[in-house]
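Structure first, commentary second.
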Amino acid sequence: MSSTQSRYHEVYARWKSDPVGFWREAAREIDWIKPAGTVFNPQSGAYGRWFEGAECNTCYNAVDRHAATRGDQAAIVYDSPVTQSKRSITYAELQDEVATLAAVLQDMGVTKGDRVIIYMPMIPEAAFAMLACARIGAIHSVVFGGFAAKELATRIDDAKPKIILSASCGIEGAKVVPYKPLLDEAIQLASTKPDACLIYQRPQLECSRIEGRDLDWAKETARAKAAGEKAECVPVAATDPLYVLYTSGTTGKPKGVVRDNGGHMVALKWSMSNFFGVKPGEVFWAASDVGWVVGHSYIVYAPLLHGCTAILYEGKPVGTPDAGAYWRVISDHGAVTLFTAPTAFRAIKKEDSKAELLGKYDISSLRALFLAGERADPDTVKWAEDILRVPVIDHWWQTETGWPVVGNPLGLGALPVKHGSPTVPLPGYTVEVLDEGGKPVPPGAMGSIVIKLPLPPGALPTLWQADERFKESYLSAYPGYYNTSDAGYIDEDGYVWVMGRTDDIINVAGHRLSTGGMEEVLASHPAVAECAVIGVKDALKGEVPCGFVVLKSSAQQSAAEIEKELVGLVREKIGPVAAFKLAITVPRLPKTRSGKILRGTMKKIADGDQWSMPATIDDPLILDEIGDVLKSRGVVG
Numbered sequence: 001m002s003s004t005q006s007r008y009h010e011v012y013a014r015w016k017s018d019p020v021g022f023w024r025e026a027a028r029e030i031d032w033i034k035p036a037g038t039v040f041n042p043q044s045g046a047y048g049r050w051f052e053g054a055e056c057n058t059c060y061n062a063v064d065r066h067a068a069t070r071g072d073q074a075a076i077v078y079d080s081p082v083t084q085s086k087r088s089i090t091y092a093e094l095q096d097e098v099a100t101l102a103a104v105l106q107d108m109g110v111t112k113g114d115r116v117i118i119y120m121p122m123i124p125e126a127a128f129a130m131l132a133c134a135r136i137g138a139i140h141s142v143v144f145g146g147f148a149a150k151e152l153a154t155r156i157d158d159a160k161p162k163i164i165l166s167a168s169c170g171i172e173g174a175k176v177v178p179y180k181p182l183l184d185e186a187i188q189l190a191s192t193k194p195d196a197c198l199i200y201q202r203p204q205l206e207c208s209r210i211e212g213r214d215l216d217w218a219k220e221t222a223r224a225k226a227a228g229e230k231a232e233c234v235p236v237a238a239t240d241p242l243y244v245l246y247t248s249g250t251t252g253k254p255k256g257v258v259r260d261n262g263g264h265m266v267a268l269k270w271s272m273s274n275f276f277g278v279k280p281g282e283v284f285w286a287a288s289d290v291g292w293v294v295g296h297s298y299i300v301y302a303p304l305l306h307g308c309t310a311i312l313y314e315g316k317p318v319g320t321p322d323a324g325a326y327w328r329v330i331s332d333h334g335a336v337t338l339f340t341a342p343t344a345f346r347a348i349k350k351e352d353s354k355a356e357l358l359g360k361y362d363i364s365s366l367r368a369l370f371l372a373g374e375r376a377d378p379d380t381v382k383w384a385e386d387i388l389r390v391p392v393i394d395h396w397w398q399t400e401t402g403w404p405v406v407g408n409p410l411g412l413g414a415l416p417v418k419h420g421s422p423t424v425p426l427p428g429y430t431v432e433v434l435d436e437g438g439k440p441v442p443p444g445a446m447g448s449i450v451i452k453l454p455l456p457p458g459a460l461p462t463l464w465q466a467d468e469r470f471k472e473s474y475l476s477a478y479p480g481y482y483n484t485s486d487a488g489y490i491d492e493d494g495y496v497w498v499m500g501r502t503d504d505i506i507n508v509a510g511h512r513l514s515t516g517g518m519e520e521v522l523a524s525h526p527a528v529a530e531c532a533v534i535g536v537k538d539a540l541k542g543e544v545p546c547g548f549v550v551l552k553s554s555a556q557q558s559a560a561e562i563e564k565e566l567v568g569l570v571r572e573k574i575g576p577v578a579a580f581k582l583a584i585t586v587p588r589l590p591k592t593r594s595g596k597i598l599r600g601t602m603k604k605i606a607d608g609d610q611w612s613m614p615a616t617i618d619d620p621l622i623l624d625e626i627g628d629v630l631k632s633r634g635v636v637g
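In the UniProt record's numbering, the protein residues as written are 1 to 637.
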């Protein structure tokens with residue numbers, strides 16, 4: 001659909017002219033126990049509250065109402081190449097599993113408002129656990145399975161969970177990761193202790209003993225099933241928390257992003273048809289992890305609220321078994337949409353640059369690819385467009401917002417693509433770019449990307465038990481605005497360009513330059529699989545850029561030749577002002593488990609500053625390799 005046929009401008013204008021009416025209409029898609037008298041109360045909370053006074057239940061909307069009308073349809077399809085197993089769970093079966101598990105939680109003393117930490121791998125039971133908490137009004141906090149004990153302990157101390165749900169192990173590629181020792185150590189380190197833990201035994205590595213504080217998941221659910229125990233959906237206020245999801249804090253203390261029940265359902269349900277262009281009954285696949293916000297919003301809640309079939313995938317884009325893994329999943333399950341991080345496609349491109357493995361599979365069901373989680377460099381987007389021949393939709397949002405802020409609204413009719421831009425703000429969001437003094441900048445000028453208050457339904461109302469920290473972290477820098485901490489610009493057509501975090505803007509001899517712009521140039525070289533640019537301290541210019549590149553396995557030239565070409569390319573495309581003289585080839589880049597490149601840590605290493613091992617790092621050894629390379633090149637002493 002071309003921009004002339006797109007309904008985007010009309011729908012955005014309708015929201016802008018009557019935001020309360022717009023969200024009142026969207027809320028009709030949700031079954032309310034008691035509808036809201038007031039759709040938005042500007043006097044409540046830090047910037048107002050949505051659907052105050054309403055009562056609802058998220059699990060009812062995601063599970064029970066569909067079990068009544070589409071009970072035989074698959075709700076969740078579990079696909080695990082690492083265990084070579086698949087499982088399809090219908091809405092009727094999901095209702096049974098979730099109601100039983102919720103009864104077990106109630107037997108363990110969990111009541112409305114209690115916190116439950118979920119520390120689990122990518123298995124259906126993780127989704128059951130989230131929905132079981134939602135069913136009885138407990139607040140879940142999912143911590144990425146296999147997270148370091150110290151980091152899990154800080155989350156236990158902040159959330160103060162009544163119980164913890166976990167599993168005996170997770171599987172990362174070919175590696176089995178025992179969870180129980182990490183869980184035991186975390187509880188030992190934490191000053192707050194849970195009353196009990198419920199442990200799901202996986203055959204790949206079982207715990208030797210489950211006793212005392214710990215209960216066996218299978219035994220407890222079997223006992224509840226035999227006794228016919230099933231928990232009913234408990235009414236909660238629309239403004240009650242559904243979950244707390246921790247995101248890294250600059251102070252080292254994690255920030256607990258709060259998501260409420262009512263606004264979250266309204267926003268996610270709206271996004272499925274209007275943004276993603278997906279219909280109830282279709283197969284939707286977000287290739288993420290339930291430990292991250294994408295997993296919460298688009299593996300579990302949004303697809304189920306919409307009556308879709310959600311794919312829950314335990315595997316990687318490459319190596320489980322090869323770079324054709326994603327095509328196989330789409331082919332096997334008839335997915336209409338794939339949502340993943342750009343880093344996954346860079347990994348596939350590195351291993352299979354000509355997409356030869358794609359020819360083995362029928363992916364004719366696929367209508368669109370959605371990319372988010374980090375900047376989608378134009379080179380990767382174009383490669384995906386070329387091989388898939390479907391729209392590739394870059395979009396931008398954050399853990400805090402819970403759903404897309406800027407994107408190309410496929411469901412309303414896609415707008416023309418501008419490679420490198422996630423396109424336009426979605427209804428609910430007024431996005432602006434301000435200078436350091438808080439003044440709007442002209443089109444095309446770099447600045448801080450902010451969102452005018454109030455934030456829409458689905459966005460965080462506050463941080464867990466830290467209202468002042470919420471205001472200080474997000475609302476104080478630019479009064480009247482939410483500060484995204486991202487930098488970029490808006491062009492004359494209203495397209496938003498997110499160039500990186502605010503701290504990714506480097507100041508070279510007084511010139512503010514985007515490392516994202518330089519990465520775009522490096523990524524355009526045919527031999528480069530992926531790259532990262534950081535600013536390194538320089539006595540003369542303040543900072544100078546340093547580029548790290550990972551080469552494709554098919555690269556023909558030597559690393560030194562490619563590095564020289566890259567320096568010339570940046571000089572040609574951005575100009576001598578960039579002072580780009582250093583491109584360094586590395587075997588891999590340090591990343592979080594969600595695929596984000598750890599640029600901040602790399603910068604600290606390059607600058608010779610104190611740094612600590614990031615809790616979310618996928619492979620700790622790579623940072624030592626980066627340090628050695630920087631020393632050998634004379635960047636750091």
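Don't be surprised by glycine CBs; every beta carbon is placed ideally from N, CA and C.
Computed from a predicted structure; not experimentally measured.
Quiz item: Among Val521, Tyr481, Thr515 and Phe470, which has the Cα closest to the Cα of Pro454?
Solution: Start at 1 with the first residue of the sequence shown, and residue 454 comes out as number 454. Among Val521, Tyr481, Thr515 and Phe470, the Cα nearest to that of Pro454 is on Tyr481.
Quiz item: What do you get for Glu10, buried or exposed, if any count of 16 or more other CB atoms within 10 angstroms of its CB means buried?
Solution: Position 10 of the sequence shown, counted from the first residue, corresponds to residue 10. Within 10 angstroms of the beta-carbon of Glu10 lie fewer than 16 other beta-carbons, which makes it exposed.
Practice problem: Buried or exposed for Tyr119, please, with buried defined as at least 16 other CB atoms from any protein chain shown within 10 angstroms of its CB. | Solution: The residue labelled residue 119 in the question sits at position 119 within the sequence shown. The C-beta of Tyr119 has 16 or more other C-beta atoms within 10 Å across all chains shown, which makes the residue buried.
Practice problem: Measure the C-alpha to C-alpha separation of Phe147 and Thr616 and round it to an integer number of angstroms. | Solution: Sequence index remark: in the sequence shown, residue 147 carries index 147 (1-based). Sequence index remark: in the sequence shown, residue 616 carries index 616 (1-based). Those two C-alpha atoms are separated by around 7 Å.
Quiz item: What's the C-alpha gap between Pro303 and Ile387?
Solution: In the sequence shown, counting from the first residue as 1, residue 303 sits at position 303. In the sequence shown, counting from the first residue as 1, residue 387 sits at position 387. For Pro303 and Ile387, the gap between their C-alpha atoms comes out near 26 Å.
Practice problem: Could you say if the segment 116-135 and the segment 38-51 meet the contact criterion of at least three C-beta pairs nearer than 8 Å? | Solution: No, because fewer than three Cβ pairs between the segment 116-135 and the segment 38-51 fall closer than 8 Å, the two stretches do not touch.
Exercise. Could you tell me whether the Cβ atoms of Val424 and Val406 are closer together than 8 Å?
Key: What you label residue 424 is simply residue 424 of the sequence shown in a count that begins at 1. What you label residue 406 is simply residue 406 of the sequence shown in a count that begins at 1. Yes, Cβ-Cβ distance for Val424 and Val406 is below 8 Å.
Self-check item: Nearest neighbour of Leu101, chosen from Tyr200, Asp195, Ala186 and Asp184 [CA to CA]
Solution: Residue mapping note: residue 101 aligns to position 101 of the sequence shown, counting from 1. It is Tyr200.
Self-check item: Segments assigned beta strand (DSSP E), at least 3 residues, entirely inside the segment 214-295
Solution: Segments of the beta strand (DSSP E) lying fully in the segment 214-295: 214-216, 241-247, 255-260 and 283-286.
Practice problem: Leaving out five residues on either side along the sequence, give the residues of the same chain with a beta carbon under 8 Å from the beta carbon of Gly75. | Solution: Position 75 of the sequence shown holds residue 75. It is worth fixing the name first, because residue 75 is Ala in this sequence and not Gly. Excluding five sequence positions before and after Ala75, the CB atoms of its chain that fall closer than 8 Å to its own CB belong to Val63, His66, Ile89, Thr90, Tyr91, Glu93, Leu94, Leu304, Thr309 and Ala310, given in chain order.
Practice problem: Spatial neighbours of Ser2 within its chain, please: CB distance less than 7 Å, with the 5 preceding and 5 following residues excluded, ordered by chain position. | Solution: Looking up residue 2 in the sequence shown gives position 2. Caution applies to Ser2, whose pLDDT of 44 falls short of 50 and renders its modelled position unreliable; the value that the coordinates give is listed next. Cβ neighbours of Ser2 beyond the five flanking positions: none.
Quiz prompt | Candidates Gly307, Ile139 and Leu434, of which the one nearest Val234 by Cα | solution = On the sequence shown, residue 234 is found 234 positions in, with the first residue counted as 1. For Val234, the closest alpha carbon among the candidates Gly307, Ile139 and Leu434 is that of Ile139.
Quiz item: In the DSSP assignment, what residue or residues form a beta bridge with Lys591?
Solution: Numbered from 1 along the sequence shown, position 591 holds the residue referred to as residue 591. The partner list for Lys591 (beta bridge, DSSP) reads Ile597.
Quiz prompt | Pro545 versus Leu551, Ala532 and Pro442, residue with shortest Cα-Cα distance | solution = The residue labelled residue 545 in the question sits at position 545 within the sequence shown. Nearest neighbour of Pro545 by Cα position, chosen from Leu551, Ala532 and Pro442, turns out to be Ala532.
Practice problem: Identify, in the order they occur along the chain, each residue of the same chain with its Cβ nearer than 7 Å to the Cβ of Lys225, setting aside the five sequence neighbours on each side. | Solution: Taking the first residue of the sequence shown as 1, we reach residue 225 at position 225. A distance below 7 Å between beta-carbons, with the five flanking residues on each side excluded, links Lys225 to the following residues of its chain, in chain order: Thr100.
Practice problem: Helix, strand or coil for Ile626, going by three-state DSSP, please let me know. | Solution: As a working mapping, residue 626 is identified with position 626 in the sequence shown. In the three-state scheme derived from DSSP, where H, G and I count as helix and E and B as strand, Ile626 is classed as helix.
Quiz item: From which residue to which residue does the beta strand (DSSP E) around His333 run?
Solution: By 1-based counting over the sequence shown, the position of residue 333 is 333. Looking at the DSSP string, His333 is not in any beta strand (DSSP E); the run it does join, the alpha helix (DSSP H), is Ala325 to His333.
Quiz prompt | Beta-carbon spacing of Asn61, Val236 below 8 Å | solution = Working through the sequence shown from its first residue, we reach residue 61 at position 61. Working through the sequence shown from its first residue, we reach residue 236 at position 236. No, these two residues do not count as a Cβ contact at 8 Å.
Quiz item: From Asp465 to Ile117, what does the alpha carbon distance come to, in whole angstroms?
Solution: Taking the first residue of the sequence shown as position 1, residue 465 is located at position 465. Taking the first residue of the sequence shown as position 1, residue 117 is located at position 117. Strictly speaking, residue 465 in this sequence is Gln, with Asp absent from that position. Taking the straight line joining both Cα atoms gives about 16 Å.
Practice problem: Quick one: grab the DSSP three-state call for Leu202. | Solution: The residue given as residue 202 occupies position 202 in the sequence shown. Looking at the sequence provided, one finds Arg at residue 202 rather than Leu. In the structure shown, the three-state DSSP call for Arg202 is strand.
Quiz item: Hey, which unbroken runs of the beta strand (DSSP E) at 3 residues or more fall wholly within the UniProt domain "AMP-binding enzyme C-terminal" (518-596)?
Solution: Those beta strand (DSSP E) runs which fall completely within the UniProt domain "AMP-binding enzyme C-terminal" (518-596) and span 3+ residues are 528-538, 542-551 and 583-585.
Practice problem: For my contact list, Glu563 and Ala583 are in at a C-beta cut-off of 8 Å; report their separation, rounded to the angstrom. | Solution: Here residue 563 is taken as the residue at index 563 of the sequence shown, counted from 1. Here residue 583 is taken as the residue at index 583 of the sequence shown, counted from 1. Sure, about 4 Å apart at Cβ, within 8 Å.
Quiz item: Thinking C-alpha only, which one of Thr592, Ile626, Ser553 and Thr601 is nearest Val586?
Solution: For the purposes of this step, residue 586 is identified with residue 586 of the sequence shown, where counting begins at 1. Ranking the options by Cα distance to Val586, first place goes to Ile626.
Quiz item: Between the beta-carbon of Lys34 and the beta-carbon of Glu55, is there less than 8 Å?
Solution: Walking along the sequence shown from the start, residue 34 turns up at place 34. Walking along the sequence shown from the start, residue 55 turns up at place 55. With contacts defined as CB atoms closer than 8 Å, Lys34 and Glu55 qualify as a contacting pair.
Self-check item: Identity of the residue in Glu220, Leu460, Val570 and Ala231 nearest Pro241 by Cα
Solution: Your numbering for residue 241 matches position 241 in the sequence shown. Comparing Cα positions, the closest option is Leu460.
Quiz prompt | One or two residues paired with Pro440 in a DSSP bridge | solution = Position 440 of the sequence shown, counting from 1, holds the residue named residue 440. Beta-bridge pairing links Pro440 to Leu434.
Quiz item: Are there 16 or more other CB atoms within 10 angstroms of the CB of Asn274, so buried, or fewer, so exposed?
Solution: As a first step, residue 274 must be located in the sequence shown, where it is residue number 274. Asn274 comes out buried.
Quiz item: Straight-line CA distance for Gly262 to Gly228?
Solution: Position 262 of the sequence shown, counting from 1, holds the residue named residue 262. Position 228 of the sequence shown, counting from 1, holds the residue named residue 228. Distance between the alpha carbons of Gly262 and Gly228 is about 30 Å.
Practice problem: Can you give me the Cβ contacts of Asp216 inside the same chain, cut-off strictly under 6 Å, excluding the 5 residues immediately before and after it? | Solution: As a first step, residue 216 must be located in the sequence shown, where it is residue number 216. Ile210.
Quiz item: When the distance is taken between beta carbons, is Leu152 closer than 8 Å to Pro178?
Solution: To locate residue 178, count along the sequence shown from 1; it is residue 178. To locate residue 152, count along the sequence shown from 1; it is residue 152. No; because the gap between Cβ atoms is not below 8 Å, this pair is not in contact.
Quiz item: With 16 as the cutoff for other CB atoms within 10 Å, does Met602 come out buried or exposed?
Solution: Here residue 602 corresponds to residue number 602 of the sequence shown, with the count starting at 1. With at least 16 other beta carbons inside 10 angstroms of its own, Met602 counts as buried.
Self-check item: For His419, three-class secondary structure by DSSP
Solution: Translated into the one-based positions of the sequence shown, residue 419 becomes position 419. Coil at His419, not helix or strand.
Self-check item: Cα-Cα separation, Leu105 to Arg375
Solution: Looking up residue 105 in the sequence shown gives position 105. Looking up residue 375 in the sequence shown gives position 375. Roughly 40 Å separates the two Cα atoms.
Self-check item: Chain-order list of residues whose beta-carbon lies under 7 Å from that of Gly319 (same chain, five-residue window excluded)
Solution: Residue 319 sits at position 319 when you count from the first residue of the sequence shown. If we look at Gly319 and ignore the five residues flanking it on each side, its Cβ neighbours are Gly173.
Quiz prompt | Of the listed residues Val82, Val528 and Asp618, nearest to Tyr313 (C-alpha basis) | solution = As a first step, residue 313 is located in the sequence shown; it is residue number 313 there, counting from the start. The shortest C-alpha separation from Tyr313 is found at Val82.
Quiz prompt | Spatial distance of Pro194 from Leu522 (CA atoms) | solution = In the sequence shown, residue 194 corresponds to position 194, counting from 1. In the sequence shown, residue 522 corresponds to position 522, counting from 1. One C-alpha to the other measures close to 49 Å.
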